[in-house]
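Under this note's numbering, the first residue of the sequence shown is numbered 29, with each subsequent residue one higher. The C-beta atom is built at its ideal place from N, Cα and C for all residues, glycine as well. Since the structure is predicted, the reported quantities are computational estimates derived from the model, not experimental observations. Data first, discussion second: the structure below is written as structure tokens.
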Amino acid sequence: MNPLRFRAWWIAGGVLIALAVAVTSLLPPADLPNVQVWDKFEHAIAFFVLAAWFGGVLRPDRYWWLALALVAFGVGIEIAQGAMGVGRTADLRDVFADATGIVIGAALARLVGADGWMRRVERCFGVPAPAAD
């Protein structure tokens with residue numbers, strides 16, 4: 029499998045997505061726009077995006093670690109929501125929604141193949157793979 033030419037940038041993008049998920053999950057509900065979507069669906073979509081994004085960076089044999097890290101991230105958000113007292117509550121069903129999104133996102137990333145969707149994007153734009161050390 030060829031390494032990503034812009035791996036650091038891809039990871040930075042994923043970290044920004046994770047920060048956006050954390051911030052929107054921890055802000056008081058009154059500070060967020062009402063998008064009229066079921067809360068559990070929002071959780072599943074957010075964690076689907078995270079799993080699919082980081083699934084493009086990692087080798088498929090590392091997806092178990094990715095899933096565990098993202099579930100821990102979701103649990104951490106729920107613990108923080110329960111502790112903050114700003115109109116948010118911890119909900120185990122949110123963790124199950126997160127896990128559903130993680131499974132679907134990782135499965136989709138895996139279906140793209142071992143070469144990964146990010147490598148395909150880089151090749152599509154003519155970005156050469158970095159030289160092997």
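**Request:** Could you give the DSSP three-state label for V131: helix, strand or coil?
**Result:** Counting from 1 along the sequence shown, the entry for residue 131 is found at position 103. In this structure, V131 counts as helix in the three-state DSSP scheme.
**Message:** Here's the rule I'm using: 16 or more other beta-carbon atoms within 10 Å means buried, otherwise exposed. How should V49 be labelled?
**Reply:** Residue 49 sits at position 21 when you count from the first residue of the sequence shown. V49 counts as buried, since no fewer than 16 other beta carbons sit within 10 angstroms of its beta carbon.
**Rounded straight-line distance, which links the Cα of L139 to that of R35** = Here residue 35 refers to the residue found at position 7 of the sequence shown. Here residue 139 refers to the residue found at position 111 of the sequence shown. Those two C-alpha atoms are separated by around 20 angstroms.
**Request:** Could you give the DSSP three-state label for D67: helix, strand or coil?
**Result:** As a first step, residue 67 is located in the sequence shown; it is residue number 39 there, counting from the start. Residue state, collapsed to three classes: helix.
**Item:** Span of the alpha helix (DSSP H), counted from its first residue to its last, around T52
**Value:** Here residue 52 refers to the residue found at position 24 of the sequence shown. 35 to 54 is the extent of the alpha helix (DSSP H) around T52.
**Prompt:** From C152 to W145, what distance separates their C-alpha atoms?
**Reply:** Here residue 152 refers to the residue found at position 124 when the sequence shown is read from its first residue. Here residue 145 refers to the residue found at position 117 when the sequence shown is read from its first residue. Cα-Cα distance, rounded: 10 angstroms.
**Message:** On a Cα-Cα basis, can you pick out the residue from I132, S53, W81 that is closest to A17?
**Reply:** For residue 17 there is no data in the structure shown, the boundaries of the chain being 29 and 161.
**Asked** Rounded to a whole number of angstroms, what is the C-alpha to C-alpha distance between L120 and G84?
**Response** Locating residue 120 in the sequence shown gives position 92, where the first residue counts as 1. Locating residue 84 in the sequence shown gives position 56, where the first residue counts as 1. L120 and G84: Cα-Cα distance of roughly 28 angstroms.
**Per-residue DSSP class, three states only, for G110** = Against the sequence shown, residue 110 aligns to sequence position 82. Residue state, collapsed to three classes: helix.
**Item:** Selection from P31, F75, A100, P56 that minimises the alpha carbon distance to I45
**Value:** In the sequence shown, the residue the question calls residue 45 occupies position 17. The candidate whose alpha carbon is nearest that of I45 is F75.
**Message:** I'd like the span of the alpha helix (DSSP H) that includes V149, first residue to last.
**Reply:** As a working note, residue 149 is residue 121 in the sequence shown. Per DSSP, V149 belongs to the alpha helix (DSSP H) from 145 to 152.
**Message:** Quick check: is the beta carbon of F82 nearer than 8 angstroms to any beta carbon in chain D?
**Reply:** Among the chains of the structure shown, chain D does not appear; only one protein chain is present.
**Prompt:** When the Cα of G102 is compared with those of V131, H71, W81, which residue comes out closest?
**Reply:** Taking the first residue of the sequence shown as 1, we reach residue 102 at position 74. Measuring from the Cα of G102, the nearest candidate turns out to be H71.
**Asked** How many Å lie between K68 and A125 at the Cα?
**Response** Residue 68 sits at position 40 when you count from the first residue of the sequence shown. Residue 125 sits at position 97 when you count from the first residue of the sequence shown. Going from the Cα of K68 to the Cα of A125 covers about 6 angstroms.
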